[in-house]
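A.B. asks: One structure coming up, written as C-alpha cells, with questions to follow.
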Amino acid sequence: MLKFAGIVLVLFAGTMIGFLQAARFAARPRQIRELLHALQRLETEISYGQTHLPEALSRISRMVPHPLSSLFASIAESLLADSAETGETVRECWEKAINAYWPTTAMKKAEKEALLRLGSTLGGSGREDQLKHIRLAAIQLQAEESSARDEQFRYEKLSRSLGMLGAALVVILMI
Numbered sequence: 272m273l274k275f276a277g278i279v280l281v282l283f284a285g286t287m288i289g290f291l292q293a294a295r296f297a298a299r300p301r302q303i304r305e306l307l308h309a310l311q312r313l314e315t316e317i318s319y320g321q322t323h324l325p326e327a328l329s330r331i332s333r334m335v336p337h338p339l340s341s342l343f344a345s346i347a348e349s350l351l352a353d354s355a356e357t358g359e360t361v362r363e364c365w366e367k368a369i370n371a372y373w374p375t376t377a378m379k380k381a382e383k384e385a386l387l388r389l390g391s392t393l394g395g396s397g398r399e400d401q402l403k404h405i406r407l408a409a410i411q412l413q414a415e416e417s418s419a420r421d422e423q424f425r426y427e428k429l430s431r432s433l434g435m436l437g438a439a440l441v442v443i444l445m446i
C-alpha cells in the first residue's frame, strides 16, 4: 500500500512539473502581448493626454494584470517618491524596478533588454523622441512575441509529455 502511494505521488509530481513548465511557455507570449498593450497605452498617454510619466505609469499599472501591474506601479512610486528625495533619474528608477520584478515574469532576457533600453530614454528627451523609442521597443517586443509563440507551439506539449513520461520512468525504476 505504501509503495502504491509513493507511485501515485511520483506520477503526480512529475506530471505537475511538466504542466508547470508548459504553463511558463504559455505565459511568455501572453505577458509580452500585455506589455505591448501597456506600451501602447503609455504612448497614448504621452502623445494625446500629455500626462506626466509617473501618473501615466500609475494609470497603466491599474490596467494591466499581474506581474506587469506591480512593475509599472513600482516605477511610478519610485518616480514620485524616490526621485524627489534622492535625486534618482527615470533611468535609475526604471532599472531598479525591472531588476526587482523581472523574476516574477515569464519573459526572457531579450524582452528585459528592450525595456531597459526604453527606460534609458524616457524622461530624458522630448516627447517625440520618447514616442519613437516606445514604438521601437514595441517593434522589438513584437518580434520576441512571435518567437515566443513559436517556442510555445514547439515545447508546450513536449513539456507536459516529458513530465509524465519522466515520472513514469522513475516509477518503473522504483519497481
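According to my numbering, the sequence shown is numbered sequentially starting from 272. Here a beta-carbon is modelled for each residue, glycine too, at the ideal position from N, C-alpha and C.
In whole angstroms, give me the CA-to-CA distance for serine 391 and glutamate 359.
C.D. replies: So the two alpha carbons sit approximately 12 Å from each other.
A.B. asks: To the nearest angstrom, how far is the alpha carbon of cysteine 364 from that of serine 329?
C.D. replies: When rounded, the distance between both Cα atoms is 14 Å.
A.B. asks: Closest to serine 332 by C-alpha separation, out of Lys380, Arg312, Thr375, Ile303, would be which residue?
C.D. replies: Nearest option by C-alpha distance: Arg312.
A.B. asks: Return the chain-ordered list of same chain residues with a C-beta closer than 7 Å to the C-beta of threonine 286, the five sequence neighbours on each side being excluded.
C.D. replies: Same-chain partners within the cutoff: Gly434, Met435, Ala438.
A.B. asks: Assuming the contact rule is C-beta atoms closer than 8 Å, proline 224 and tyrosine 372 should be a hit. Round their C-beta distance to whole Å, please.
C.D. replies: Limits of the chain in this structure are 272 at one end and 446 at the other, which puts residue 224 out of reach.
A.B. asks: Would you report the Cα separation of arginine 401 and alanine 368, rounded to the nearest angstrom?
C.D. replies: Before going on, a small fix: residue 401 reads as glutamine here, not arginine. Cα to Cα, the separation comes out at about 19 Å.
A.B. asks: Rounded to whole angstroms, what is the Cα-Cα separation between leucine 310 and leucine 386?
C.D. replies: Approximately 10 Å between the Cα atoms of the pair.
A.B. asks: Could you have a look at glycine 285 and say whether DSSP puts it in helix, strand or coil?
C.D. replies: Note: glycine 285 maps to helix in three-state DSSP.
A.B. asks: With a floor of 4 residues, list each alpha helix (DSSP H) that falls wholly inside the stretch 361-427, ordered by position along the chain.
C.D. replies: If we require 4 residues or more, the alpha helix (DSSP H) runs fully inside the stretch 361-427 come out as 361-372, 380-392.
A.B. asks: What residues in its chain sit with their C-beta under 6 Å from that of alanine 344, if we drop five residues either side in the sequence?
C.D. replies: Taken in chain order, the residues that qualify are Ser332.
A.B. asks: Taking the beta carbon of serine 430 as the centre, do at least 16 other beta carbons fall within 10 Å, making it buried, or is it exposed?
C.D. replies: Per the 10 Å Cβ criterion, buried.
A.B. asks: So, helix, strand or coil for glycine 358, using DSSP?
C.D. replies: It is coil, neither helix nor strand.
A.B. asks: So for proline 300, helix, strand or coil by DSSP?
C.D. replies: If DSSP states are grouped into helix, strand and coil, proline 300 belongs with the helices.
A.B. asks: Using the C-alpha atoms, what's the distance from glycine 397 back to glutamine 413?
C.D. replies: Looking at the two C-alpha atoms, the distance is approximately 24 Å.
A.B. asks: In three-state DSSP terms, what is glutamine 311?
C.D. replies: Here glutamine 311 sits in helix by DSSP.
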